[in-house]
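As structure tokens, the structure follows; a few thoughts come after it.
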Amino acid sequence: MLDDVKAWIQAIIGSGYAYSMGMWVDNASNSASKICSIQAGGGSPPVVDTRHQRIRVVLLGGREQTPGGASDKATIMTDANALVRATLNGPVPCGTATINTISEPIGPGYTTESRPWVEVSFEILF
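This note's numbering puts the first residue of the sequence shown at 25, with every later residue one more than the last.
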């Protein structure tokens with residue numbers, strides 16, 4: 025399921041991110057990279073044959089002191105809003121019945137490494 029969600033996200037926000045399934049690892053080699061962290065968060069109990077999966081997506085910009093880092097804050101917010109819009113009228117990931125936005129974009133904020141971040145949560149029914 026997470027691979028299908030990753031493909032859905034890539035189709036919307038593109039390949040300009042380093043994708044991480046679960047928490048990302050911040051290091052010197054990816055300090056300028058934008059990161060998309062896709063995290064499974066459980067879900068509510070199944071109802072009849074319908075399963076509910078919660079997905080947390082954290083978009084991070086490059087570190088502020090890296091080239092392009094300062095401009096990433098606006099980009100990640102735009103991309104988070106694009107994901108929300110896609111749940112309203114776009115195609116759903118393969119194998120899912122529907123995808124709903126649980127929260128509007130949260131952030132932007134900054135990590136201790138000075139990366140701008142924004143978070144969006146979804147519920148997938150399949």
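Every residue gets a Cβ at the ideal spot worked out from N, C-alpha and C, and that includes glycine.
For residue j and residue i, believed in contact at Cβ under 8 Å, the rounded distance
i: Val108; j: Pro129; result: 7 Å
i: Gly46; j: Gln63; result: 6 Å
For residue i, the three-state DSSP class (helix, strand or coil)
i: Val49; result: coil
i: Thr135; result: coil
i: Ile126; result: coil
i: Val116; result: coil
i: Arg87; result: coil
i: Arg75; result: coil
i: Ala42; result: strand
i: Ala31; result: helix
i: Ala110; result: helix
i: Ala104; result: helix
7 Å Cβ shell around residue i - same chain, five flanking residues per side excluded
i: Gly66; result: Arg78
Cutoff 6 Å; reference residue i; Cβ partners in own chain excluding five residues on either side
i: Ser145; result: Arg80, Ile126 and Ser127
Contacting residues, own chain, Cβ-Cβ under 8 Å from residue i (five flanking each side not counted)
i: Trp141; result: Val82, Leu83, Leu84, Gly85, Ile100, Gly131, Pro132, Gly133, Tyr134 and Thr135
From the options, residue whose alpha carbon lies closest to that of residue i
i: Ala104; options: Ile123, Glu137, Ser44 and Cys60; result: Cys60
i: Asp96; options: Ser138, Leu112, Ile62 and Ala64; result: Ser138
i: Glu143; options: His76, Met25, Ala106 and Gly40; result: Ala106
i: Gly114; options: Leu26, Ile33 and Met25; result: Ile33
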